[in-house]
Each structure stands twice: as structure tokens, then as C-alpha cells.
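Asker: Residue numbers (this note's numbering): 636 to 1159.
All residues carry an ideal CB built from backbone N, CA and C; glycine is no exception.
As the structure is a computational prediction, the values presented were derived from the model and not from experiment.
What follows is a structure written as C-alpha cells; I'll ask about it next.
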Amino acid sequence: IVVTPENNFREYTVNDFSNIGCIEIEDLTIEPKENELCRIFHLTLSVHSKQNVLDSIKVLEEREDIYCVEPNYLISMNDISSNAKSRTITQTFPDIIDLNEAWDIETGSSNISVGVIDTGIDVSHSNLANRVNQTLSKNFVDESNSATSNLVSDHGTVVAGIIAGNGNNNLGIAGVCKNVNLISLRVDSLNEDGELVYNSSAIISAISYADEIGIDILNFSAGSYENDILWTPMMLHQIIAYDGLFVCSAGNGNINTDNTGHYPSTFRLQNLISVGASTANDGKYADSNYGKTTVDIFAPGEDVYTTTFNGNYISVCGTSVASPIVAGVAVLLLSAHPELTATELKSTIMTSVDTIYNNGTNVFENLCVSGGRINACKALTNDSIHNYSCVDTNDHKTHVYSCTGCGYTKEGNHSITCNSMDSIAHQYSCSECSYTRNQNHAMIYENENSSAHNYKCSICNYIVQQAHTLKYSSISSRQHKVSCIYCDFNYTENHSLNLLTGKCKVCGYDSNGMGTLNRLLGLL
């Protein structure tokens, strides 16, 4: 049930619902707030029958303090296609997402926790031994049963192997994270027909529990296409209130979820990232859902090799296995930068994708929000998460940027500025590190006035004023041109002719070798 906002802080007990035979009440609310629909309760009735539930709902709907009531729905899981393998197969997805390069930077941390909301995790598998925190793991459907034993489905074990399969034992597979605090949050049960389903109240309880104990990242490889039942807004509130990153699969119906909702993957939340499945050749996996505004990113979801029951391995396909790859990359990011919020984790992952082109067309441009497929190394080297300081390498060409948070380093060019020193040289200095070098001015001349020009550095503000250095050249029998040999200053003046020789005293212009005086004497 969801109570009306004015009752968000009211204390409810089984006595408030004695008229329907309530024997247990569980508060699933993460954080009650004023004036919001957020207070969620799970009621257990003394008579376990479908008709009794429906009759009780009618009674509760008449109450003014209750906003809405719904049954505890059973939700079908996202199917995965698989081929069981007992032999070792080379994993392909690490190369596709540049995981080996990412491991050179970060491999994970036991301080970061990831919860797997699923069918439980088989901790007897050699690749999952000592990888699961059994103390914090919990079964939300049957508290008398474990979250890591007596399992019905290997779905959760498949997901767990992808996130955190032990890659240091020379067996089988390696998960995305070599170190992480993995927690099993079991929510599965069998319906009346013996089919495996997820319990909606258990899912909501698992999210609430994850927030309570501080789980950093949740993976939920399931969902429903139903959008007319109340568990969807209940889950929506829980994910909004959850103080971590919620990673979920987009579904395997080859459906455009922009048009047909798949929940919770189509919720547009800052702390939720929905994942479609890509092929080994970087195309859309045939069964994967897609949506330009509702699927955030694609990740490998074809022939992903991982763990299954009885110590075996399995090759699996679908968005259920693409989602934990993204969750694993989020763990690596948060291990390197624990200060990142869920929103920042999502943004970093989505802005670090590989853009895949086929015949000049971006394959994922119209299939998801980010327009690409995840890349683990690009996410870890995304400049948005690093706080760089600069270390001079003294090679006069480059320096080293070093992240003060995680120690990641990269080379980059100096950011050079120029400062005038004296009339001979100026100093180049890097604005980010201590690197400096001296160099002569790059001087040019520019016209100033009729008596002088500026001798100016083209790089810095150093300037000297100098007298023009003039040269003369003939224009005609009456004039010559006077111009500066360094700048564009010039003017014209009459020739200064020698009366005897007829030559210009300044520029050497020759008027046929006969000056004015000689002509006068000849006439005489």
C-alpha cells in the first residue's frame, strides 16, 4: 500500500489493518518526505489466497489515509539464451571494451559494494568463492532460505561472474572487477505454475535494504512491460530515493522502448542507467530492446562467457549480461574515484563510449541516448573525473599531468606564456608547471612617424623606437623615392643635382652626364 502524503510520518501497526487479517507489516520506505507519495508498506495477510488479497484491496481502497493498493505482483525475468560449456573459452568482451587497458589503471576495491538483485549467487563455484559477502547477502522472499544456496536458477550466478568472477585463479573466466564487495539480494520465487518469477515487494525491499546498508551500485537484470500496475511508481520512488547507481537491462524483445515502456529501464532518472546488448562485431544484438531516449548505452551481450551451476561455465546472450558489464565498469570508476556521485558515474560512462561506424553511419546513434558502446578504459581516463596537477619533465616539449585523486598520469604540451625580460631576450614559462626557457625576441618593424619607427617583438610587449634607415631610388628625371629599408615609411622629393656633372648628389641619378653649369658654359 501507499499512504497519502499527510500520513507519511504516521506510525502504523498491524492493528491498523486488523479488519483484513493483517499479521505482519513491513515499512519499505527509504526516506519519508513531506507532501510526497513515498510511504510504502507491505502487508502480510493471515489467509494466503488470491481472492482474499483482492477482497482486502477493495476494503483498503475505501480508506482516506491510503492512496493506492496493489497485490504483490510476480514479475517475469528477462530471459537469456545460453549454451552450457565445460571447457575453457576465451572471453571476447574484455577486448571489445578495452578492459585490459582499464585494469592497468584500476582493478576494483573491496571498499566498493555492488548488489545483485536476482536469483541468488552460487558461492560454491571456484570463480565466485570468497567473492560474495554472505553476511550482508539476503533473501527477500523467504528469510528462512539463503541468498547463496538452494538456488533454483543460475541467472544471478551468471550475472555475478560477469561483475566479479575471480580472474586470479587461472580458471574459467575473469569478471570486470578483480576486487569488489559483492552482495546477493535474492528476490526470486516460483509461481503457482512452477515458473520462476521475481517478487515485486521483494525488489522494493531489496532497494530499500541496499540504501540502508550503503550499497554503492545495484544491478537488476530484469523488468516488465506492464505500465498499468502500481509497482512501477513504487519502484520509481525507491530508485529515486536510493543513494547509489541503479544499473538495469533494457529487455530482450527487440522493442523500441521509446514507444513501449519496459520498467524500470525506461525510467528517466539521473541515477539509473539502462543497458542494451551489442554483438561481438559491434552491432545491435537481435533480441535487444532499443530506444533513442530510453536506452542509455549498449554493452557486449552476445556469447558472454561466465559462471553457472556445478562449477561450470556458460556462454550467454542478452541484455541481462550486458547490464553487469556496465555495473562492473561503474565499480572500477568508483574504486578509482570514490568521491563520484551516482549522477557523475552515469555521466562519465555515457560520455566515454566508443562510437561505432558502419559504412559511414553511427550504428548506435538512433538506438540509445549515448550513441555508443561502453569503453572501460575511456571511462577511467575521462578528463571530467580527474583533478590534474602538472609535473615538469624538463624535456622542453611536454610535461606530465598527474591526477591528485587516483594517480593517473598523461603527457601533454606545455601551456606556454611569454614575458619580456630585456632588450635582447624574453622568457617563455608554462602557466601550469615550473618549466621556463629564454629566447631572443622575434622582432619586427612597423611605421611610427616620419622620423622613426617601432622595433617590436611579435610575441611579447617588448618595443624599441628607432630612427628610419633610409634609401633613395629614382622615380623620374625630377624626383626620387625615399623609403625605410625596414618598414613601409616612404616619401618623394626632388633630385639634388650636381651642376657640373648632372648627377643627383643623394641617389646617383644621372641626367646624361651634363650638368646645368656645363650647358651654360657650352652655350657661352
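Measuring CA to CA, which of N687, Q686 and F644 is closest to P667?
Answerer: F644
Asker: So for L734, helix, strand or coil by DSSP?
Answerer: Taken through DSSP and simplified to helix, strand or coil, L734 comes out as helix.
Asker: Is H683 buried or exposed, if buried means 16 or more other CB atoms sit within 10 Å of its CB?
Answerer: exposed
Asker: Please say whether R766 and N735 have beta carbons closer to each other than 9 Å?
Answerer: no
Asker: Can you tell me whether DSSP reads S840 as helix, strand or coil?
Answerer: Of the three classes helix, strand and coil, the one that applies to S840 here is helix, per DSSP.
Asker: State the CB to CB distance for the pair N768 and N774, rounded to an integer number of angstroms; the pair is presumed to be in contact (CB under 8 Å).
Answerer: With a Cβ gap of about 14 Å, N768 and N774 do not count as contacting.
Asker: For F944 versus F999, is the C-beta spacing smaller than 9 Å?
Answerer: no
Asker: Exposed or buried, which one is A719 when buried takes at least 16 other CB atoms within 10 Å?
Answerer: With a pLDDT of only 41 at A719, under the threshold of 50, the placement of this residue in the model should not be trusted; the figure read from the coordinates follows. Answer is exposed; the Cβ neighbour count stays below 16.
Asker: Use the C-beta contact count for K919: other C-beta atoms within 10 angstroms, 16 or more gives buried, fewer gives exposed.
Answerer: buried
Asker: Can you tell me which of N906, H1115 and S913 puts its alpha carbon nearest to the alpha carbon of N889?
Answerer: S913
Asker: What span of residues does the alpha helix (DSSP H) with G796 cover, start to end?
Answerer: H790 to A799
Asker: Taking its Cβ as the centre, do 16 or more other Cβ atoms sit within 10 Å of S859, making it buried, or is it exposed?
Answerer: buried
Asker: Could you tell me whether the stretch 872-882 touches the stretch 847-855, using the rule of 3 or more Cβ pairs below 8 Å?
Answerer: With a cut-off of 8 Å, the stretch 847-855 and the stretch 872-882 count as touching, because enough Cβ pairs lie within range.
Asker: Below 8 Å, how does it come out for the stretch 972-986 and the stretch 749-761: are there three or more Cβ pairs, yes or no?
Answerer: no
Asker: Say whether the stretch 757-764 touches the stretch 826-833, bearing in mind that this needs 3 or more beta-carbon pairs closer than 8 Å, one atom from each stretch.
Answerer: no
Asker: Within its chain, find whatever has a CB closer than 6 Å to the CB of D989; leave out the 5 residues flanking it on each side and keep chain order.
Answerer: So the list reads G1007, R1008 and N1010, once near-sequence residues are dropped.
Asker: If the criterion is Cβ atoms closer than 9 Å, does the pair E696 and F676 meet it?
Answerer: no
Asker: Just grab the DSSP bridge partners of V767 for me.
Answerer: L817
Asker: My output table needs one value for D651: the three-state DSSP class, helix, strand or coil.
Answerer: helix
Asker: Is it right to say G603 is buried, meaning 16 or more other beta carbons lie within 10 angstroms of its own, or is it exposed?
Answerer: Lying before the first or after the last residue shown, residue 603 is absent from the chain, which here runs from 636 to 1159.
Asker: Spatial neighbours of T1033 within its chain, please: C-beta separation below 8 Å, excluding the five flanking residues on both sides.
Answerer: Counting only residues of its own chain and dropping the five nearest sequence neighbours on each side, T1033 has a CB closer than 8 Å to the CB of E1046, G1047, N1048 and H1049.
Asker: Alpha carbon to alpha carbon, how far is Y844 from S836?
Answerer: 12 Å
Asker: Which one of N650, N891, S950 and A921 has the shortest CA to CA distance from T928?
Answerer: N891
Asker: Under a Cβ-count criterion, where at least 16 other Cβ atoms within 10 Å of its own Cβ denotes burial, should S717 be classed as buried or exposed?
Answerer: Confidence at S717 is low in this model, with a pLDDT of 48, below 50, so the placement of that residue is unreliable and no value is reported for it.
Asker: Distance check for E641 and N670, CA to CA, integer angstroms please.
Answerer: 7 Å
Asker: Given this structure, state the Cα-to-Cα distance separating V758 from E778, to the nearest angstrom.
Answerer: 18 Å
Asker: Would you identify the three-state DSSP class for G1047, choosing helix, strand or coil?
Answerer: strand
Asker: DSSP three-state call for I850: helix, strand or coil?
Answerer: DSSP places I850 outside both helix and strand once states are collapsed to three, so it counts as coil.
Asker: Using the three-state DSSP reduction, which class does K927 fall into: helix, strand or coil?
Answerer: coil
Asker: Taking its Cβ as the centre, do 16 or more other Cβ atoms sit within 10 Å of R1113, making it buried, or is it exposed?
Answerer: exposed
Asker: Quick one: grab the DSSP three-state call for V1141.
Answerer: coil
Asker: Is it right to say D863 is buried, meaning 16 or more other beta carbons lie within 10 angstroms of its own, or is it exposed?
Answerer: Here D863 scores only 48 on pLDDT, less than 50, and its place in the model should not be relied on; the value that follows carries that caveat. Exposed: under 16 other Cβ atoms inside 10 Å.
Asker: Around the C-beta of R1072, are 16 or more other C-beta atoms found within 10 angstroms, so that it is buried, or is it exposed?
Answerer: exposed
Asker: Assuming N1022 contacts S987 (C-beta within less than 8 Å), just tell me the rounded distance between them.
Answerer: About 17 Å; that fails the 8 Å criterion.
Asker: In three-state DSSP terms, what is P667?
Answerer: coil
Asker: S744 and V815: beta carbons closer than 9 Å?
Answerer: yes
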